[in-house]
Amino acid sequence: MSVARALAALIVGGLVAASCGRPAVPGRQVIVLGFDGMDYGVTRDLMAQGRMPNFSGLAASGGFSPLASTVPPQSPVAWSSVITGLEPKDHGIFDFIHRDPATLVPYLSTTRTEAPSRTLAIGSWQLPLSSGRVELLRKGRPFWDVLEQNGVRTTIMRMPANFPPSGLATRELSGMGTPDLLGTYGTFSFFASSSSRFANTALSGGRLETANIFDGVVRGQLTGPDNPYRTPARPVTLPFTVYVDERAGAAKIVVGDEERVLKVGEWSDWVPLEFPLAWFAGLPAMARFHLKQVAPAFELYVSPLNINPAAPAMPISTPTSFASELARATGPFHTQGIAEETKALSEHVISRDEFLAQARTVGDEVTRQYWHALDRFESGLLFYYFGNLDQVSHMMWRPRDPSHPAYDPAADAPYRNVVDDLYIEFDRLVGETVRRTAGRDVTIVVMSDHGFTSWRRSFHLNSWLRDHGYLRAIDPSLEAQSDFANIDWSGTRAYGLGLNGLYLNLQGREHKGVVAPGDRERLIDEIRRGLLATIDPATGRPAISRVYVPGLPAGGAPNADRAPDLIVLYAQGTRGSNESALGGLPRDVIVDNTGEWSGDHCMDPDFVPGVLLANRPLRQKVSRLGEVGRAVLAEFGIK
Amino acid sequence: MSAANSIIGAILGAALSRLSGMPLVGLALLSAVAAVVMLLIIKATSNQARLAVVKRSIHACIYEVRLFSSDAPAVFRAMGELLRHQLTYLRLSLVPLFVMVLPFGLLLAHLDAYYGVADLPPGRATLVKVRMKDSTGPPRLVVPNGVSVETPAVWIPSLREAAWRISTTAPGDYELSIATGDAVVTKRLTTTAGIVRRSPVRPCARILDQLWHPAESPVPRESAVESVSVIYPSRSIDVLGWNFHWLLVFFVLTMGFALALKSTLRVVV
């Protein structure tokens, strides 16, 4: 009978526990809303026009001021300074991408993924004998760790440069820097028939696959990462079938057990996927499908493969179950850190309207989760990040800048107010936040990591280095060759990598270094003076505002070999080119920016300040990003 | 088959009507009842005295292996005996097993309509698929108020299938109509929340299809439609924050209750 009693107690106890929650603990409350890319000037003007009344309300009660960004003003760099209160030389994040000096291969600056170090090979299969590792490369102590150590519960939602999550907050969801399933910032797939205008073209940021209709059926396959159970490494794939009904202008997509019917022009909801790795293991993911057209050509867009929050293949939250709880409560959501499909718009694989529809979906997911988090927020710190404004500003800045070299009145005018409308939408969100927290002792801080301005001119830094004798190409005619494959390292003294970084090809650090350490200072000074003297022939003004030398901490730093030797801060309107960022060597040095990506901030930070507002005067003055964390601690009385 | 399905469906419907918001409690109660029924079937259809003897013999063999672990010939002999008694135990269990297969198979198929299928909340899109007996063309889908058809029919001749995406605006029970010529076949669509009976498939008249899909009567034999499906999301049962397939929860609970109640009911298993 004792077994029976124990079993009954277990069942009853389980049922009771399953239906119980945790009691609330009242206390000090601080809400920090981080709007990536919210520009001080735009905000100020819209407030002056009376179009952001809720921001004006905050400004009146707590203040409104510009917030100085980091050098360079790039989001991973800037948010790392917010998190740690440290300068880039100390937290070790200098750009979106860094390079391994031993191999000169670029990698995502904030995260490193390592495969299992020991495996047992059996024919074409291998069994991992140790676990793989995802490492956060940002150094320094997050400010929320100090809060937690002082008994303050923290919820850190979508903080950039925090993947994998620090594990130090009560709850965390990783944000910008969280890769897609392929380990990139987002690689889309585009399936097009031979009659498509995209057939036989090259796409940047995505995969183009030929997919022809045979007897009303298209068969294709999604390509995932390398299968860890196979040797030699080969990507895992997942087949799918599209049944096309040209007369109806619609199709049924079947992938695994999932089926969706889409009309031409529609996006699917999130489709859960599972890539087969071995008979005993699968790799969960999810994607959205967009049926662009079925006739005369077939075109199907598939979003980057996102980590499925219901079954995360990589750690994206603290505790691990938090992501799946969120998905259950608010629906599946983009886990890829930069979720707006900017690359697809840049490649014209999707239109502006399709981009905005997709960005709206991302924004709705983030906002839905924000209200969910706010309604459950009872004490401590709630940090919530919104990345939508930054990404939409990148793609929709040109319509608000008639002076942009690629401005087309007919094409751009309909989108003139897109960015402003988004500011106004966030003003309403702040107003609703104030309303929902009325009567509570809560400090509300609104901040951004940098501002925005028009990107009119592109500076090919590596081309400049080539033309001035600091870099040698293997084949000067291969202008578009990227990944540094066309650089003759034996004749290269300096190279640009990333959007602002310039590195010397230093002996003892770079794999094929040629610059003696003793020549370093002289060469840095020579290049610096040359860059500052460069005049943009189109404007007659200097193309570069400042060239910054990041001093490394005395005694070195664990990440010293990642630091650029120079950080190039471009003049307002000019930005380092995408081609040069990955080692491309176009013919001209400075050219018009004619791409869809028309707004930016990777220039001199003086031109792109962020914003700081609060509903009450903060106990500690904040004028630059690195001071935000300390100011939050001060609100809790922690020094 | 259809009559049996109707009777079982009505009994389960009545039993679970007050437990639609508590999946785990409902499943636990059903498991307890299933355990009692299972024990009673075993008691009535098996040779209980012989089962008791075989069980004692198995225990004896296990003790023998432990006691004479240093005596290899004794251990091998005991293990041989153990194997023989276990085979006897299995043989004695076959009769109750055969008796239970049909009722429990039916029960599980019915329970799947309650616990294997999750809510389809208003606003959430799903697919209606109609499989035709020939590939002459798609039928028409006629929906009642509250249901909207979001896409035209995608007709797939190779599968003899027409598919639409639909959604509803309010929770409730709806009847979709599939018209082919003058004939109309209906299909139930349930968007009520909680543990209620949902019918993913209105099957064809074949016995096996009716067994698998007992929640709705079969499509008439003379219809041009073979079957009609509505895709519902699958459900998992939340147990202390962990999600399991309902069948696993039901199996574990039933076994647990059976072990707990066997002494009370004086059943040897």
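Chains A and B, in that order, are what the protein sequence lines are.
The first sequence runs 1 to 639 under the working numbering.
The second sequence runs 1001 to 1269 under the working numbering.
For each residue, glycine too, the CB sits at the ideal point set by N, CA and C.
At a CB distance below 8 Å, what residues from the segment 1208-1219 of chain B approach chain A? Give them in sequence order. Against chain A - using a Cβ distance shorter than 8 Å - the segment 1208-1219 of chain B contributes no residues.
Same chain, Cβ closer than 6 Å to T574(A), neighbours up to 5 away in sequence not counted: Position 574 of the first sequence, counted from the first residue, corresponds to residue 574(A). Cβ-Cβ distances below 6 Å link T574(A) to R457, F459 and A543 in the same chain, with the five nearest sequence neighbours on each side left out; the list follows chain order.
Reduced DSSP secondary structure (H/G/I, E/B, other) of Y423(A): Taking the first sequence and counting its residues from 1, the one referred to as residue 423(A) is at position 423. Of the three classes helix, strand and coil, the one that applies to Y423(A) here is helix, per DSSP.
In the DSSP assignment, find the unbroken alpha helix (DSSP H) run with T270(A) in it and report its ends. Your numbering for residue 270(A) matches position 270 in the first sequence. Looking at the sequence itself, residue 270(A) is Trp, so the reference to Thr does not match. Careful: W270(A) lies outside any alpha helix (DSSP H) and carries neither H nor E.
Which chain A residues sit within Cβ distance under 9 Å of S1020(B)? As a working note, residue 1020(B) is residue 20 in the second sequence. Residues of chain A passing the Cβ test: none, with the nearest at roughly 15 Å.
For V1268(B), go through chain A and note every residue whose CB falls closer than 8 Å to its CB, in chain order. As a working mapping, residue 1268(B) is identified with position 268 in the second sequence. Here the premise fails: no neighbours, minimum Cβ distance about 16 Å.
Please identify the residue among S379(A), Y415(A) and I338(A) whose C-alpha is closest to the C-alpha of F386(A). Locating residue 386(A) in the first sequence gives position 386, counting from the first residue. Among S379(A), Y415(A) and I338(A), the Cα nearest to that of F386(A) is on I338(A).
Where the alpha helix (DSSP H) through Y1232(B) begins and ends: Position 232 of the second sequence, counted from the first residue, corresponds to residue 1232(B). DSSP places Y1232(B) outside any alpha helix (DSSP H), giving it a letter other than H or E.
Distance check for L429(A) and M396(A), CA to CA, integer angstroms please. Taking the first sequence and counting its residues from 1, one reaches residue 396(A) at position 396. Taking the first sequence and counting its residues from 1, one reaches residue 429(A) at position 429. Taking the straight line from one Cα to the other gives about 21 Å.
Would you identify the three-state DSSP class for M286(A), choosing helix, strand or coil? Position 286 of the first sequence, counted from the start, is the residue given in the question as residue 286(A). Residue state, collapsed to three classes: strand.
Which residues in chain B have a C-beta closer than 7 Å to the C-beta of A251(A)? List them in chain order. Taking the first sequence and counting its residues from 1, the one referred to as residue 251(A) is at position 251. Result: V1154.
Can you round the beta-carbon distance between N462(A) and G583(A) to whole angstroms, since I take them to be within the 8 Å contact cut? Locating residue 462(A) in the first sequence gives position 462, counting from the first residue. Locating residue 583(A) in the first sequence gives position 583, counting from the first residue. The Cβ separation is near 6 Å, so the contact holds.
Below 8 Å on the Cβ atoms is my guess for R1235(B) versus V1128(B); work out the distance and round it to an integer in Å. One-based indexing of the second sequence puts residue 1235(B) at position 235. One-based indexing of the second sequence puts residue 1128(B) at position 128. 20 Å between Cβ atoms; not a contact.
Limits of the unbroken alpha helix (DSSP H) element including E521(A): Along the first sequence, read from residue 1 onward, the residue named residue 521(A) stands at position 521. Its alpha helix (DSSP H) spans residues R520 to L532.
Mapping the DSSP letters down to three states, classify K292(A) as helix, strand or coil. Position 292 of the first sequence, counted from the first residue, corresponds to residue 292(A). In this structure, K292(A) counts as strand in the three-state DSSP scheme.
Please report how far the alpha carbon of F96(A) lies from the alpha carbon of G34(A), in whole angstroms. As a first step, residue 96(A) is located in the first sequence; it is residue number 96 there, counting from the start. As a first step, residue 34(A) is located in the first sequence; it is residue number 34 there, counting from the start. Approximately 19 Å between the Cα atoms of the pair.
Cross-chain neighbours of I1231(B) in chain D, by beta carbon under 7 Å: Protein chains A and B are contained in the structure displayed, whereas chain D is not.
Give a yes or no on whether the minimum CB-CB distance between D245(A) and chain B is below 7 Å. Within the first sequence, the letter at position 245 stands for residue 245(A). Between D245(A) and chain B, the shortest Cβ-Cβ separation is below 7 Å.
Decide if the segment 474-489 of chain A is in contact with the segment 64-75 of chain A; the criterion is three or more beta carbon pairs, one per stretch, under 8 Å apart. No, they do not touch.
Close-in-space but distant-in-sequence residues of the same chain around V1219(B) (CB under 8 Å, 5 per side omitted): Within the second sequence, residue 1219(B) is the residue found at index 219, counting from 1. Here the set comprises V1185, R1202, P1203, C1204, A1205, V1225, E1226, S1227 and V1228.
Where does S1158(B) fall in DSSP's three states? Residue mapping note: residue 1158(B) aligns to position 158 of the second sequence, counting from 1. The DSSP-derived three-state label of S1158(B) is helix.
Can you give me the C-alpha to C-alpha distance between R520(A) and H601(A), rounded to a whole angstrom? Translated into the one-based positions of the first sequence, residue 520(A) becomes position 520. Translated into the one-based positions of the first sequence, residue 601(A) becomes position 601. Distance from the CA atom of R520(A) to the CA atom of H601(A), rounded to whole angstroms, is 29 Å.
For A251(A) and L1189(B), the rounded distance between their alpha carbons: The sequence position of residue 1189(B) within the second sequence is 189, counting from 1. The sequence position of residue 251(A) within the first sequence is 251, counting from 1. If you take the alpha carbons of L1189(B) and A251(A), they lie about 23 Å apart.
S448(A) vs V611(A) beta-carbon contact at 7 Å: The residue you call residue 448(A) lines up with position 448 of the first sequence. The residue you call residue 611(A) lines up with position 611 of the first sequence. Yes, the Cβ-Cβ distance between S448(A) and V611(A) is below 7 Å.
So what's Q369(A) in DSSP terms, helix, strand or just coil? The sequence position of residue 369(A) within the first sequence is 369, counting from 1. In this structure, Q369(A) counts as helix in the three-state DSSP scheme.
For a test of the three-state rule: what should DSSP assign to L471(A), helix, strand or coil? Residue numbering aside, residue 471(A) sits at position 471 when the first sequence is read from its first letter. Reduced to three states, the DSSP call for L471(A) is coil.
Please name the residue, chosen from I1156(B), L1108(B), I1166(B) and L1159(B), that lies closest to G1146(B) on a Cα-to-Cα basis. To locate residue 1146(B), count along the second sequence from 1; it is residue 146. Out of I1156(B), L1108(B), I1166(B) and L1159(B), the CA that lies nearest to the CA of G1146(B) is found in I1166(B).
Take D467(A) as the anchor and find which of I527(A), Y423(A), R118(A) and G167(A) has the nearest alpha-carbon. Here residue 467(A) corresponds to residue number 467 of the first sequence, with the count starting at 1. D467(A) has its Cα closest to that of I527(A), out of I527(A), Y423(A), R118(A) and G167(A).
Cutoff 7 Å: K292(A) Cβ touching any chain B Cβ: Residue 292(A) sits at position 292 when you count from the first residue of the first sequence. K292(A) does not count as touching chain B.
Might you give, ordered along the chain, the residues of its own chain that have their beta carbon closer than 7 Å to the beta carbon of V628(A), omitting 5 neighbours on each side? Taking the first residue of the first sequence as 1, we reach residue 628(A) at position 628. Result list for V628(A): V82, M447 and V622, in chain order.
Tell me whether the beta-carbon of A1032(B) lies closer than 7 Å to the beta-carbon of V1268(B). Stepping through the second sequence from its first residue, residue 1032(B) is reached at position 32. Stepping through the second sequence from its first residue, residue 1268(B) is reached at position 268. Not a contact, by the Cβ cut-off of 7 Å.
Is it buried or exposed, K292(A), if we count other Cβ atoms within 10 angstroms and call 16 or more buried? Here residue 292(A) refers to the residue found at position 292 when the first sequence is read from its first residue. Taking a 10 Å sphere around the C-beta of K292(A), we find 16 or more other C-beta atoms and assign the residue as buried.
Using C-beta distances below 8 Å, list every residue in its chain close to P414(A), excluding the 5 sequence neighbours before and after it, in chain order. By 1-based counting over the first sequence, the position of residue 414(A) is 414. Close CB contacts of P414(A) within its chain, under the 8 Å cut and outside five residues either way in sequence, are with P399 (chain order).
Closer than 7 Å by beta-carbon distance: list the chain B residues that pair up with A329(A), in chain order. Mapped onto the first sequence, residue 329(A) falls at position 329. Chain B residues near A329(A): none, gap ~13 Å exceeds 7 Å.
Check whether chain B comes within 7 Å of A248(A), counting only Cβ atoms and requiring the distance to be less than that. Locating residue 248(A) in the first sequence gives position 248, counting from the first residue. For A248(A), the answer is yes, since a Cβ of chain B falls inside 7 Å of its Cβ.
Contact with chain B by G21(A), beta-carbon distance below 7 Å: Position 21 of the first sequence, counted from the first residue, corresponds to residue 21(A). Any reading at G21(A) needs caution, since the residue's pLDDT is 34, under 50, leaving its predicted position unreliable; the model's value is listed next. Interface residue (Cβ-Cβ distance to chain B less than 7 Å): G21(A) is not classified as such.
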